[in-house]
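Chains A and B supply the protein sequences, listed in that same order. Residue numbering for the first sequence is 3 to 522, as defined by the working numbering. Residue numbering for the second sequence is 60 to 282, as defined by the working numbering. All remarks here apply to the structure that follows.
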Amino acid sequence: MTASVDSQLSSPPSGLRGQIHRLLHDREVPYGMAAVRILLPIALLVPMVHRWIYARELFSTDGAATPLWVNYGSPDMLPVPSGEVAVALFSLLLFSLVSLSVGWQTRIACAVSFVLYTYMNLLDAVSTITKYTCIASHALLLLSFARCGAVWSVDAWLRRRKNVRWPGEGVEPDITDCAAPHRMLMLLVGMVYFGAAITKMQTPAFFSGDQLSSWMITNVNFGHPLGEHLTLYPALLVAMAYVTVVWEVMFVFMVWRGPWRLLMLGTGVFFHVMTYLTLGLVIFPMVCISVYFAFLNQNDVQRMAAFARRMKRRFGWKRPRKALTASTGSLAFLSRFPSPVVYAATALLAIVGGLELEYRLDPYGVRRPEGRYTLKELEAQQVLEMLRPTPKLRESDKFAGLEVGTMLVGGMVVDRRNHFRQGERLVAQCLLTPPHEDMYVSVNLHDADDHVLNRTGKTIEREMLRSNFNYVLPESLEPGEYYLVVTSRKKEITRRMITLLPADAPSVPTVASRPTASAN
Amino acid sequence: MKRWLINVGVAAYVASLCLGIGCHTLKIGTSMHCAMYFVVWDMFCGWTSYSQRTHVVGEGESGRYYELSPGPWGDIKPFGRLGRQQYDVNGLNCISFARNTLKHTDHEPITRVFIVEERWNKKFNLPDDLWHRRFDEPKEKETYFSVRHVLDGECRLARSFPSWIEHQYQRAVADNPRLAADVQNSQPFIAVTSASGAVVNPYSPASLSTRPSSAPLGSRLGN
């Protein structure tokens with residue numbers, strides 16, 4: 003409270019300098035940072051708990067650590083720990099993340115979490131460090147400088163219990179904090195999106211939808227239930243690509259206040275949920291959405307509290323005071339001990355417990371009664387298949403498909419269909435996969451008896467990923483079934499059956515509505 | 060004093076974020092230090108149209124072959140269903156995976172270790188129902204194997220080869236006879252006498268174009 007009065011008494015500079023001064027030095031109750039402090043460690047614990055049993059293998063000299071600094075040409079930048087030390091540090095990291103989330107010895111827990119989390123991630127460049135771990139490291143660093151344990155924490159609860167209320171003294175301790183770390187965390191989110199937008203701008207295939215489409219059928223992340231289906235709608239991917247880049251660029255400028263804040267954050271939540279549904283990212287959205295809570299300010303919390311009070315009055319909810327008192331009463335003994343001592347003892351217990359448990363689990367099986375593991379033998383035939391000289395790329399593997407329709411939007415066929423009317427203009431779009439050489443590709447029209455009716459050929463340069471072949475289906479063609487046949491190097495690559503309807507046919511079904519071959 | 064410290068801290072932090080954005084935009088110095096990884100936001104910066112899997116195979120003295128990654132104690136699946144070695148795109152970290160497996164197992168002497176790349180067109184990743192909605196032809200997946208690295212029995216790197224994708228790009232370029240001839244004509248002739256006394260030109264395009272895509276080690280690799 004005193005600091006708050008001081009800040010009001012000292013006259014801040016005016017103009018832009020004053021605005022920056024207020025932005026960084028205003029005092030506020032750190033609700034947003036407290037929310038991040040609670041949620042972020044929970045998100046980080048999901049992958050880290052899974053890795054605990056592999057700590058020796060992933061992060062130590064007794065395993066297969068892959069330090070990131072080696073990739074940057076600094077092989078001796080940091081030491082790689084031994085197996086026992088790695089397990090001890092990893093156990094301490096898990097304990098720190100838990101204590102950070104509940105807000106027990108928050109400042110220490112946060113600093114320890116930041117150092118150990120960053121160090122452990124750096125030790126495994128292959129399968130632990132990613133960009134979400136970088137965002138998390140930034141967030142943990144900034145939380146270390148904030149008083150994120152001032153509210154909604156065990157520390158705050160213990161402080162309230164110890165607070166001696168002399169006459170004339172404030173009832174509540176000062177829970178405000180300098181806004182600088184909070185503002186930096188908000189800025190970080192904006193800068194991450196801005197950098198991501200630049201990455202996309204430097205990737206031309208992003209705007210053609212090819213990159214997104216490729217990632218949506220890549221199975222290196224978790225399952226992505228929507229991704230494969232969306233590849234059927236390439237024009238939608240193009241639209242999504244542009245919307246994403248515009249949103250990412252705007253975010254850092256528009257997210258600070260007013261209705262734009264809600265729009266930017268709402269779009270962000272939708273974006274991250276979609277990265278799960280289409281790309282199979284799970285932890286990345288959890289980390290980003292938990293960091294979004296940094297945008298929660300004091301007014302938001304006051305409004306939500308007022309809303310909760312109104313609801314309480316309207317529905318007559320009563321706080322379960324007895325139950326709460328009983329549950330907190332059982333922890334009251336903690337307040338009799340100096341918290342840092344209890345904290346240190348618990349941390350030590352976590353380390354020793356972790357070491358003992360890992361020893362008993364014996365991940366490499368060196369203490370098994372039947373002895374050490376032996377290698378799994380592979381079929382010689384299978385291995386010889388792998389070791390033979392690489393065969394030439396199959397011609398059909400240079401093609402990603404054939405889209406047939408009548409309308410192009412953003413270079414994509416948007417009305418994929420197999421039925422056309424006489425007189426209509428048909429677009430056959432040939433999709434290719436890189437790398438391919440300069441090619442001459444034909445898309446020929448065959449009748450139902452496989453007689454060639456028309457030939458259209460084109461040179462497709464090696465950098466092209468799609469090429470359009472236009473056909474006007476003249477009224478002289480009899481209604482019936484025809485084939486579009488793609489050929490390259492005199493080999494048939496693929497063919498698509500099309501049905502020609504009379505010029506006055508009432509409706510033309512699209513591919514999406516036709517029965518699929520597997521359904522038949 | 061405290062405010063001054065805050066101002067300096069904020070300025071340093073904002074400067075580091077801007078440095079990352081600037082270097083990334085201008086493509087300067089993004090790999091000058093490990094710390095750059097924390098300020099360059101290049102998520103999903105690349106893509107390929109072929110799926111990749113990596114196999115780490117050890118060849119014993121008896122001529123038997125063994126799987127060296129994952130180890131026999133089980134696979135680490137960091138992000139889903141795939142094992143850890145599948146996230147090592149260049150295959151170089153698989154060297155330490157193999158070394159670790161050999162260190163913690165009983166086995167016959169190992170003479171060679173192969174790190175093999177397996178590739179297939181990603182269109183074959185489509186589930187069957189979606190495949191039939193996009194293609195009229197049956198789903199006939201073809202996989203391509205290519206030896207990426209060969210290690211000796213002590214897991215020391217003996218020889219590396221371009222990735223399968225790089226090799227395909229080379230083939231695509233070499234497919235143009237005029238360009239191939241231009242490349243050949245523009246190479247300076249550098250004579251180097253080999254141990255056998257024969258004069259060879261290590262930069263000869265002919266030697267590059269005849270370079271096998273897979274490891275030419277012994278009869279097992281086709282030579």
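Virtual Cβ for every residue (Gly too), placed ideally from N, Cα, C. Predicted model, so just to flag it, every value in this text is computed and none were measured.
For residue i, the nearest candidate out of the options (CA to CA)
i	options	result
residue 403(A)	182(B), 81(B) and 128(B)	182(B)
residue 350(A)	96(A), 17(A), 47(A) and 32(A)	96(A)
residue 446(A)	383(A), 492(A), 412(A) and 416(A)	492(A)
residue 266(A)	58(A), 195(A) and 32(A)	195(A)
residue 376(A)	241(A), 133(A) and 366(A)	366(A)
residue 176(B)	169(B), 245(B), 219(B) and 185(B)	219(B)
residue 237(A)	414(A), 490(A) and 56(A)	414(A)
residue 195(B)	507(A), 501(A) and 497(A)	497(A)
residue 1(A)	246(B), 133(B), 206(B) and 120(B)	For chain A, the structure presents residues 3 to 522; residue 1(A) sits outside this window and is missing.
residue 380(A)	127(B), 79(B) and 109(B)	127(B)
residue 453(A)	485(A), 163(A), 25(A) and 86(A)	485(A)
residue 225(B)	108(B), 83(B) and 96(B)	108(B)
residue 197(A)	171(B), 208(B) and 81(B)	81(B)
residue 122(B)	201(B), 61(B), 170(B) and 193(B)	170(B)
residue 167(B)	87(B), 74(B), 99(B) and 125(B)	125(B)
residue 437(A)	471(A), 464(A) and 162(A)	464(A)
residue 223(A)	245(B), 197(B) and 136(B)	136(B)
residue 388(A)	106(B), 228(B), 104(B) and 118(B)	118(B)
residue 93(B)	149(B), 74(B), 239(B) and 79(B)	79(B)
Between the CA atoms of residue j and residue i - distance to the nearest angstrom
i	j	result
residue 43(A)	residue 72(B)	22 angstroms
residue 261(B)	residue 232(B)	Confidence in residue 261(B) is poor, its pLDDT being 49 and thus under 50, which makes the residue's placement unreliable; the coordinate value appears in the next sentence. Taking the straight line from one Cα to the other gives about 20 angstroms.
residue 202(A)	residue 208(A)	6 angstroms
residue 148(A)	residue 70(B)	17 angstroms
residue 187(A)	residue 141(A)	6 angstroms
residue 184(A)	residue 27(A)	11 angstroms
residue 115(B)	residue 405(A)	39 angstroms
residue 107(A)	residue 341(A)	7 angstroms
residue 190(A)	residue 137(A)	8 angstroms
residue 509(A)	residue 487(A)	25 angstroms
residue 85(B)	residue 153(B)	32 angstroms
residue 280(B)	residue 385(A)	Confidence at residue 280(B) is low in this model, with a pLDDT of 31, below 50, so its placement is unreliable and no value can be given for it.
residue 2(A)	residue 64(B)	One cannot answer for residue 2(A) here, as it falls past the ends of chain A, which runs 3 to 522.
residue 302(A)	residue 440(A)	59 angstroms
residue 473(A)	residue 455(A)	12 angstroms
residue 284(A)	residue 296(A)	20 angstroms
residue 417(A)	residue 410(A)	8 angstroms
residue 82(A)	residue 223(B)	33 angstroms
residue 172(A)	residue 163(A)	Reliability of the predicted coordinates at residue 172(A) is poor, the pLDDT of 48 falling under 50, and the value obtained from them is presented with this limitation in mind. Looking at the two C-alpha atoms, the distance is approximately 14 angstroms.
residue 264(A)	residue 99(A)	29 angstroms
residue 161(A)	residue 304(A)	22 angstroms
Residues near residue i in its chain [Cβ-Cβ closer than 7 angstroms; skip 5 each side]
i	result
residue 239(A)	211, 214, 215 and 232
residue 156(A)	104, 105 and 106
residue 89(A)	57, 58, 356, 357 and 360
residue 495(A)	397, 398, 401, 488 and 489
residue 102(A)	39, 43, 108, 111, 112 and 115
residue 154(A)	36, 40 and 105
residue 275(A)	287
Cβ shell of residue i (< 6 angstroms), same chain only, five flanking positions each side left out
i	result
residue 217(A)	281
residue 202(B)	177 and 179
residue 148(B)	none
residue 221(B)	none
residue 507(A)	423
Sequence-distant residues of the same chain with beta carbon closer than 8 angstroms to residue i, five excluded per side
i	result
residue 299(A)	30, 33 and 34
residue 121(A)	80 and 91
residue 158(A)	105, 151, 152 and 177
residue 253(A)	191, 192, 195, 196, 266 and 270
Problem - contact_flag[the region 128 to 145 of chain B, the region 392 to 411 of chain A] where n(CB pairs < 8 angstroms) is 3 or more - result: Judged by pairs of C-beta atoms under 8 angstroms, the region 128 to 145 of chain B does not touch the region 392 to 411 of chain A, as fewer than three such pairs exist.
Problem - Complete beta strand (DSSP E) runs within the region 346 to 426 of chain A (minimum length 3 residues, chain order) - result: Uninterrupted beta strand (DSSP E) stretches at least 3 residues long and entirely within the region 346 to 426 of chain A occur at 378 to 380, 401 to 407 and 421 to 423, given in chain order.
Exercise for the section: May I ask you to verify whether the region 151 to 158 of chain B touches the region 211 to 221 of chain B, counting CB pairs closer than 8 angstroms and requiring at least 3? Expected result: With a cut-off of 8 angstroms, the region 211 to 221 of chain B and the region 151 to 158 of chain B count as touching, because enough Cβ pairs lie within range.
Handout entry: Touch test, the region 65 to 82 of chain A against the region 117 to 131 of chain A, Cβ-Cβ under 8 angstroms, three pairs minimum
Key = With contact defined as three or more Cβ pairs closer than 8 angstroms, the region 65 to 82 of chain A and the region 117 to 131 of chain A are in contact.
Handout entry: Given 8 angstroms, three or more beta-carbon pairs between the region 46 to 55 of chain A and the region 74 to 81 of chain A
Key = Verdict: no, contact absent.
Practice task
Tell me, please, whether the region 251 to 263 of chain A touches the region 166 to 180 of chain B by the rule of three or more beta-carbon pairs shorter than 8 angstroms.
Solution key: These segments do not touch.
Practice task
List in chain order: all unbroken alpha helix (DSSP H) runs of 4+ residues lying wholly within the region 155 to 239 of chain B.
Solution key: Here the runs fully enclosed are 187 to 193 and 223 to 233.
Handout entry: Every unbroken beta strand (DSSP E) within the region 188 to 271 of chain A, with a cutoff of 3 residues, ordered by chain
Key = With a minimum length of 3 residues, no continuous beta strand (DSSP E) run stays inside the region 188 to 271 of chain A.
Practice task
Scan the region 95 to 130 of chain A and note each continuous alpha helix (DSSP H) run of 4 residues or more that stays entirely inside, going in chain order.
Solution key: The alpha helix (DSSP H) runs lying completely inside the region 95 to 130 of chain A and spanning 4 residues or more are 108 to 125, given in chain order.
Exercise for the section: Please name the residues in the region 180 to 197 of chain B whose beta-carbon is closer than 7 angstroms to at least one beta-carbon of chain E, in chain order. Expected result: Among the chains of the structure shown, chain E does not appear; the protein chains present are A and B.
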